[in-house]
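Student: Let me give you the structure first, and then I'll get to my questions.
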Amino acid sequence: MAQTGRAAVFVGVGRPFEIRELPIPEVEPDAILIRMSIANICGSDLHTWRGEYRRSATAGDAGFVTGHEGAGRVHTLGRNVRTDSLGRPLREGDRVAFTYFFPCRSCTTCLDDIPNACPTRFTRFGPRGVDIAPYFTGTYGEYYYLRPGHYVFKVPDELSDDIVAPANCALSQVIFGIQQGGLRFGDTIVLQGAGGLGLNAAAVAREMGAGQVIVIDRIAARLAMARRFGADTVIDASEYDTPEARIARVKELTGGVGVRVAMDLVGSARVVEEGLQMLRPGGTYVEIGCIHPSPLQTDASGFVWGNWRMVGMSHYHPWVLPRALDFLLRTKDRYPFGEMLSHKFPLAEINQAFETAEWMGRSNPSNVTRAALVM
Ligand SMILES: [Zn+2]
Ligand SMILES: [Zn+2]
Numbered sequence: 001m002a003q004t005g006r007a008a009v010f011v012g013v014g015r016p017f018e019i020r021e022l023p024i025p026e027v028e029p030d031a032i033l034i035r036m037s038i039a040n041i042c043g044s045d046l047h048t049w050r051g052e053y054r055r056s057a058t059a060g061d062a063g064f065v066t067g068h069e070g071a072g073r074v075h076t077l078g079r080n081v082r083t084d085s086l087g088r089p090l091r092e093g094d095r096v097a098f099t100y101f102f103p104c105r106s107c108t109t110c111l112d113d114i115p116n117a118c119p120t121r122f123t124r125f126g127p128r129g130v131d132i133a134p135y136f137t138g139t140y141g142e143y144y145y146l147r148p149g150h151y152v153f154k155v156p157d158e159l160s161d162d163i164v165a166p167a168n169c170a171l172s173q174v175i176f177g178i179q180q181g182g183l184r185f186g187d188t189i190v191l192q193g194a195g196g197l198g199l200n201a202a203a204v205a206r207e208m209g210a211g212q213v214i215v216i217d218r219i220a221a222r223l224a225m226a227r228r229f230g231a232d233t234v235i236d237a238s239e240y241d242t243p244e245a246r247i248a249r250v251k252e253l254t255g256g257v258g259v260r261v262a263m264d265l266v267g268s269a270r271v272v273e274e275g276l277q278m279l280r281p282g283g284t285y286v287e288i289g290c291i292h293p294s295p296l297q298t299d300a301s302g303f304v305w306g307n308w309r310m311v312g313m314s315h316y317h318p319w320v321l322p323r324a325l326d327f328l329l330r331t332k333d334r335y336p337f338g339e340m341l342s343h344k345f346p347l348a349e350i351n352q353a354f355e356t357a358e359w360m361g362r363s364n365p366s367n368v369t370r371a372a373l374v375m
């Protein structure tokens, strides 16, 4: 077994990732060492890269390995691990998908059945840094250390790495979001944003029985893709170029009523303020996108007179991930999941990959729906 593996090390905002050889960690009895196959650049990775998190401006002295969306194979099983999280036999070499957060399962939040909000889901195993074992703490490397307390699920042979890669973040996130948003059979849903989250959400909403799926974005190629992922109607924000115009268009598409569920899949307070105005009385706004500080300016009386609800969530309940894989297996011939990864780069070209995936502040962003690193 190789004694080291390559990883892209994040050494600070505004600085390029550094490709380094890191020691292969010893695998604890309840952990798994994953050999990564593919790792995507998710919107939250862009936030880290831009320095938009409260704490991401400092990467520590040594830097750390980041990245979370992706899939791989079991490289080394801890000696106590014999099955996946559904009790199916697990062997070295098996393809797997996994959660990238580690609920403690014993705090008041976990006992309240909100493991995705467990306060220690990231931190209870100590700090991360490339100078501290297990080194491979993110998916942008040849290996990923799946800590004790993980949830891991075998991936069916019929699903390619490209299709599986978004399952443990984007796809599971929107399945949980739409479910928490209370979408009912025949409802209209508005999806603000047609990147990785929005495209997955269109297909999920369609399959969950939405009567009308409306997708808003300003990039034509993404909107064309949204149609192939089940959108009935798309709104081009460069054509309907004011919030008022987009709100009016949604009202027009819903007989003047508005939508049952609207979702922020962009990550912008202005998008939220706009989406709230698209709700019908009793509608629910699902907030997933704004994971960095995003002060809202909105009239609270809208919630009172509109009887609106707003539901926020981070990550997803672990039950969602195996269902996401089942969903892909059922619907892979109905939607072009394999084409969602629009750009692929070798790990060594991670800096170019981030430059290509960046859309914020770009007057002419590329048509990236998801960029991936292949190991
Ligand atoms: Zn993500
Ligand atoms: Zn907990």
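In this text, residue positions in the sequence shown follow this note's numbering: the first is 1, and each later residue adds one.
Glycine included, every Cβ here is placed at the ideal spot set by N, Cα and C.
Taking the alpha carbon of Gly-211 as the reference point, which residue from Val-190, Ala-165, Glu-349 and Val-9 has its own alpha carbon closest?
Tutor: As a first step, residue 211 must be located in the sequence shown, where it is residue number 211. Gly-211 has its Cα closest to that of Val-190, out of Val-190, Ala-165, Glu-349 and Val-9.
Student: If we count the other Cβ atoms within 10 Å of its Cβ and call it buried at 16 or more, is Gly-198 buried or exposed?
Tutor: Within the sequence shown, numbered from 1, the residue matching residue 198 stands at position 198. Its Cβ being crowded by 16 or more others within 10 Å, Gly-198 is buried.
Student: Please report the straight-line C-alpha distance between Lys-154 and Asp-84, rounded to a whole angstrom.
Tutor: Position 154 of the sequence shown, counting from 1, holds the residue named residue 154. Position 84 of the sequence shown, counting from 1, holds the residue named residue 84. C-alpha separation (whole angstroms): 7 Å.
Student: Identify, in the order they occur along the chain, each residue of the same chain with its Cβ nearer than 6 Å to the Cβ of Gly-209, setting aside the five sequence neighbours on each side.
Tutor: Residue numbering aside, residue 209 sits at position 209 when the sequence shown is read from its first letter. The residues are Phe-185.
Student: Given Arg-270, which residues of its chain have a CB within under 8 Å of its CB, disregarding the five upstream and five downstream residues?
Tutor: The sequence position of residue 270 within the sequence shown is 270, counting from 1. Around Arg-270: Pro-243.
Student: Using only CA atoms, which one of Val-304, His-75, Ser-268 and Ser-294 lies nearest to Thr-284?
Tutor: Residue mapping note: residue 284 aligns to position 284 of the sequence shown, counting from 1. Ranking the options by Cα distance to Thr-284, first place goes to Val-304.
Student: At which residues does the beta strand (DSSP E) containing Trp-212 begin and terminate?
Tutor: Residue 212 sits at position 212 when you count from the first residue of the sequence shown. Going by the sequence as given, residue 212 is Gln instead of Trp. Segment 212 to 217, the beta strand (DSSP E) holding Gln-212.
Student: Could you tell me if the beta carbon of Thr-120 falls within a distance shorter than 7 Å of some heavy atom in ligand 2?
Tutor: Taking the sequence shown and counting its residues from 1, one reaches residue 120 at position 120. Thr-120: yes, Cβ under 7 Å from ligand 2.
Student: Can you check which of these residues, Ala-31, Ala-39, Ile-24 and Gly-12, is closest to Gly-349 by C-alpha distance?
Tutor: Position 349 of the sequence shown, counting from 1, holds the residue named residue 349. A small fix is needed here, since residue 349 is Glu in this sequence, not Gly. Nearest of Ala-31, Ala-39, Ile-24 and Gly-12 to Glu-349, Cα basis: Ala-39.
Student: Comparing the CB of Ser-106 with every heavy atom of ligand 2, is any distance shorter than 7 Å?
Tutor: Against the sequence shown, residue 106 aligns to sequence position 106. Yes; taking the cut-off as 7 Å, the Cβ of Ser-106 has a heavy atom of ligand 2 nearer than that.
Student: Please classify Ala-262: does DSSP put it in a helix, a strand, or coil?
Tutor: As a working note, residue 262 is residue 262 in the sequence shown. Three-state DSSP puts Ala-262 in a strand.
Student: Can at least three beta-carbon pairs, one atom from the stretch 163 to 171 and one from the stretch 287 to 298, be found at a separation below 8 Å?
Tutor: Flag = no, the stretch 163 to 171 and the stretch 287 to 298 do not touch.
Student: Should Cys-290 be listed as close to ligand 3, given that the test is whether its C-beta is under 7 Å from any heavy atom?
Tutor: No copy of ligand 3 appears in this structure; the ligands present are ligand 1 and ligand 2.
Student: Which residues does DSSP list as the beta-bridge partners of Phe-98?
Tutor: Counting from one through the sequence shown, the residue named residue 98 turns up at place 98. Paired residue(s): Val-152.
Student: Shorter than 7 Å, the distance from the beta carbon of Cys-110 to the closest heavy atom of ligand 1, or not?
Tutor: Locating residue 110 in the sequence shown gives position 110, where the first residue counts as 1. It does not: the Cβ of Cys-110 is nowhere closer than 7 Å to a heavy atom of ligand 1.
Student: Is it true that the CB of Tyr-144 sits closer than 8 Å to the CB of His-292?
Tutor: To locate residue 292, count along the sequence shown from 1; it is residue 292. To locate residue 144, count along the sequence shown from 1; it is residue 144. No, the Cβ-Cβ distance between His-292 and Tyr-144 is not below 8 Å.
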